[in-house]
Structure formats: structure tokens, C-alpha cells
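Undergrad:
Residue numbers (the numbering used here), protein chains in the order written: chain A, 1 to 224; chain B, 225 to 262; chain C, 263 to 491.
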């Protein structure tokens, strides 16, 4: 079977499992809602100020939600010894990685789609720049978080403080991407600056780290 | 001017702190070696 | 080999003292910043040393990924730890220099911010090493080091973009440097490099010893006769 076929099969299985139990998505949804509400209590800006800070707030909230999603990425696999099965199966390790990353990507995108209207309402947001550009920012930015997050989640499995290890490893490496996401969003919302360079940075980041993850995942998977 | 001295002092305090952790680790190892040799 | 260490240590101590004297007394006072500028003679060599150590860590990590060499792994641990120490010095002396000169403790200065990110990445590297329960920790750490190395140019690029959109003061000053100052700067750098070499050497020996002890302990517990309860 080809890489694409196996990836699709694994991804479909994950999505189906999630759809039936709705474990992760429910907890993440509620968590996301809580984050938005708590942030709105902490900061109560007027419309002008909110455009300046919304970029940062929104992405911090998405980052937390992504970490919650990523932490449970491999939990099911660990419980049922799926990883061992995968190690001995002839399927390429990358198909597992891609399936997990894409699954996480879908989850986090769903979260973002649900949280965004809440943010718009609570912060009275209205983009002064080209609002459509927010979509590629969200896509590229989410992928940047998810691809490294899935990889580091796999690395964190065999550590003593698993849940805290993931953000500890993910955040420093993600700094350029986070900087890009936040500044691109602010640039689009305030309409003052161009987000072009940030797009280039995000795209470069995504390409570099997707390749790095694909190259090194097999090694990490086999680390007992 | 105090900033200048603070910076130089801080540099050496950081280095000495690290070196003392090395010494402490070494002493602990020596103790473990003695245990093993018994 | 054993005799060389104390001799080298004494030479390094002398060199460091001489370099300190040059930096504090003999060096010409800077026109605009005054004496505080002398922090430069400690701040910059520490930064260059830290970067060199992290570079060696990257090379050692790649060697480990390719050849699984134990020595490469030990070199990686050693350079990561000592690198973090020197990096800490940079991050402490930087703001101490910035505050009296520019009135602020921190700024989105490319070099300072990149150093901070590098520090964060390597602290997370050390935490991975400490908290990992896998027998393949060196492998995971090597992968993380590679990721960190890939990240560095991206960090630079991101801060460069940020600064072009939000101009900020430059800590550490650009532009040309007085040749006398350059001379003393290089002197301090050589002194700190020797010092770093000493520390790395000690840490290397400590690590080798530690691993030997661990192996012996593991063997002992395997060979212990089991008592009947």
C-alpha cells in the first residue's frame, strides 16, 4: 500500500474514533470557551486597542487549545500498544506521523473555527485590512504548531512529566512561527502594515519543519 | 558604574555556581564508587 | 594528559586575569557610553563562546544520529550544558549594559532575542535529557538539537522582519570598532575559550565517570544473588 493510502486509512480511523466518542473535541471545546471568557475578563479594551492586541490574545488561546489536543495525540496508541504494532508493520512510519498530524490539524482548525466568532463578539473585532488573508495565516500557523507538536508529543511519551514536557519542548522552537502568526494577524486586523514577510516566514517554517519531522520521525518512533 | 561591576561579578558568580555543581556531582560519584568497591 | 590539566588551568587563570585588567583599566574609555561599555568585553566573548559550543553540540548531535557514537553523545551533553552557562552570562550582562545606556532592560534586539530563544531551546534540551525515561534519550536529544539548529536562522529572520516594522534600539552597537578595543575583545575571547575548554574537559571526564559508575551499578544489581523471602 502506498504512503498516501495508509495515511488516509489511519487518518480516517482516527477521525471516526473521535467522531464516535467525541472525547477530545468536547473537552477541547469547553477549554477553548473558558480561555476566551477568562481572557475577556482580564482585558476589556475598546475597539481600537483590541485590534492591536487581539492577534496575540487569539493565538495564545489557540496555542493552549492546541497543546490540549496534542497531549492526547498518542494516548490512545499507548494504551492499546498500537505503537508496537506499527513498529513491526511494514507500513512506513511517516504514514502514521502524517495521519496523526493531519488529525490534530483538523481538530485544532475546528476549534479555531468555533472560537473565532466568540473572540469577534467579545472583542468587537473588525478587520481593517484584507480579512481573507486571515485564512492562510490560520492554516499555515496551525500547521506549524501541529506538525512540531505531533513530533514532540511522540518524543514526550517516554518522559516522566509527559504533559508539561510537550509545551516545554514545543514553545521555544515555535517562537518564530508564533511571532509570525501574531504579527500577521495584527497586521491584517489593523491594516497598518503588510503581512507579506510573515507569510513567507510561516511558509518557510512549515516547509522546513515538515521535512525535518518526516525525516526524523522513524528514528523517534523506534526509540524504545 | 555599579552596572559595570555588577555585570562582571554576575559573570563570575554564574561560572562559579556551575563549577560548584560539578564539584558536588563529582563528590557524590566518589561516594558511590566507594560504595561499589566495598 | 593528567599533568596538562593543572598547567592549563593556571595558564588560563593568568590569561583571564590579564584580560580582565586590560578590559577594566587599559582599554580606552568609550566616547558616548563611558565606562559601562566595558561590559562589552565580557558580553561579546561569552556570546561567541556560547554559539561555538552550541555549534559543536549540533555537529555532535548529527554525528550521533548517523553513527550512534557514545563519545559524540557525551560531547553533545557537555557542550549543551556549558553553552547554557555562557548563554546565561550573555542574557544577564546584556540587560545590565542596556539599562544604564538606553534606559531599558530589554529590547527586541536581534542578537539578544536570538540568544534568548537559543537559551530556551537548549534549556528544553537539557530538560528532555533529565526527564526522559527512554533508553534512547541521546537519540531524542540529538533530534531536538537538529530542530533547534534549523530554528536559529528562522528566529533571526523573524526578528529582522519585526524590527523592520517596529524600529527598536540596537544593543551592542553596530559599526566599526577601535582597533585597540578589538584587540582587547579578542584577548578576552581567547581567555574565555580556554576557560570553556577547561570546563568542558572537566565535565567530559565527570560524564564518562558517571556513566561508568551507572553501568557498574546496573551490572551489580543484575549479578546480586537473590535472597529467598
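A virtual CB, placed ideally from N, CA and C, is assigned to each residue, including glycine.
1. Start and end of the alpha helix (DSSP H) containing residue 167 of chain A?
2. Cα separation between residue 192 of chain A and residue 40 of chain A?
3. So, at 7 Å on beta carbons, what are the nonlocal neighbours of residue 406 of chain C in its own chain, with the 5 sequence-adjacent residues on each side left out?
4. Do residue 420 of chain C and residue 180 of chain A have their beta-carbon atoms positioned less than 8 Å apart in this structure?
5. Check each residue of the stretch 293–307 of chain C: if its Cβ is closer than 7 Å to any Cβ of chain B, include it; give the result in chain order.
6. Could you tell me how far apart the beta carbons of residue 155 of chain A and residue 402 of chain C are, in whole angstroms, since I believe they sit closer than 8 Å?
7. Of the residues that make up the stretch 196–208 of chain A, which ones have a beta carbon closer than 8 Å to any beta carbon in chain C?
8. Can you name the start and end residues of the alpha helix (DSSP H) that residue 155 of chain A belongs to?
9. So what's residue 486 of chain C in DSSP terms, helix, strand or just coil?
10. Taking 7 Å as the cut-off, does the CB of residue 207 of chain A come closer than this to any heavy atom belonging to the ligand PLP?
11. Determine the chain A residues that contact residue 350 of chain C at a beta-carbon separation under 7 Å, and present them in chain order.
12. Compare the beta carbon distance of residue 165 of chain A and residue 409 of chain C with 8 Å and say whether it is the shorter of the two.
13. Count the other C-beta atoms from every protein chain shown that fall within 10 angstroms of the C-beta of residue 7 of chain A, then say buried if there are 16 or more, exposed otherwise.
14. For residue 337 of chain C, tell me which candidate among C:359, C:314 and C:272 has the shortest Cα-Cα distance.
15. For the stretch 468–476 of chain C and the stretch 250–262 of chain B, state whether three or more C-beta atom pairs, one from each stretch, are separated by less than 8 Å.
16. Which residue from A:38, A:86, A:91 and A:112 puts its Cα closest to that of residue 59 of chain A?
17. Between the beta-carbon of residue 54 of chain A and the beta-carbon of residue 123 of chain A, is there less than 8 Å?
18. Quick check: the Cα distance between residue 400 of chain C and residue 335 of chain C, rounded to an integer number of angstroms?
19. For residue 218 of chain A, which residues from the same chain have a beta carbon less than 6 Å from its beta carbon, with the 5 sequence-adjacent residues on both sides left out?
20. Check the Cβ of residue 159 of chain A against every Cβ in chain C and list those closer than 8 Å, keeping chain order.
21. What three-state label does DSSP hand residue 420 of chain C in the structure shown?
22. If I measure Cβ to Cβ from residue 176 of chain A and keep anything under 8 Å in the same chain, skipping five residues before and after, which residues do I get?
23. On the criterion of 16 or more Cβ atoms from any shown chain inside 10 Å, does residue 291 of chain C qualify as buried, or is it exposed?
24. If you reduce the DSSP assignment to three classes, tell me which class residue 410 of chain C lands in.
25. Shorter than 8 Å from the beta carbon of residue 476 of chain C to some beta carbon of chain A?
26. Quick one: measure Cβ to Cβ for residue 303 of chain C and residue 447 of chain C, integer angstroms, because I've assumed they're closer than 8 Å.
27. Taking 8 Å as the threshold (beta carbon to beta carbon), is residue 359 of chain C in contact with chain B?
28. Could you have a look at residue 194 of chain A and say whether DSSP puts it in helix, strand or coil?
29. Residue range of the alpha helix (DSSP H) that residue 254 of chain B falls in?
30. Run down chain B in chain order and give the residues with a C-beta less than 7 Å from the C-beta of residue 470 of chain C.
31. Residues in its own chain within less than 6 Å of residue 151 of chain A by CB, not counting five upstream and five downstream?
32. Beta-carbon separation of residue 189 of chain A and residue 16 of chain A under 8 Å?
33. So what does residue 116 of chain A bridge to, in DSSP terms?
34. Strictly under 8 Å for the Cβ-Cβ distance: is residue 331 of chain C near chain A by that measure?
35. Between which two residues does the alpha helix (DSSP H) carrying residue 131 of chain A extend?
36. Answer with buried or exposed for residue 379 of chain C, where buried requires no fewer than 16 other C-beta atoms within 10 angstroms of its C-beta.
TA: Looking at the atomic coordinates:
1. 162–190
2. 24 Å
3. 387 and 390
4. yes
5. 297, 298, 300, 301 and 304
6. 5 Å
7. 197, 198, 201, 204, 205 and 208
8. 134–156
9. coil
10. With respect to small molecules bound, the structure shown includes none, and the ligand PLP cannot be examined in it.
11. Under the 7 Å cutoff, chain A gives no residues; its nearest Cβ is about 15 Å from residue 350 of chain C.
12. no
13. buried
14. C:314
15. yes
16. A:112
17. yes
18. 6 Å
19. 93
20. 390, 393, 394, 395 and 396
21. helix
22. 201 and 205
23. exposed
24. helix
25. no
26. 6 Å
27. yes
28. coil
29. 226–261
30. Ordered by position in chain B, no residue passes the 7 Å Cβ test against residue 470 of chain C, which lies about 11 Å from the chain.
31. 213
32. no
33. In the DSSP output, where bridge partners are listed per residue, residue 116 of chain A has none listed.
34. no
35. Residue 131 of chain A -> no alpha helix (DSSP H), and no H or E assigned at all.
36. buried
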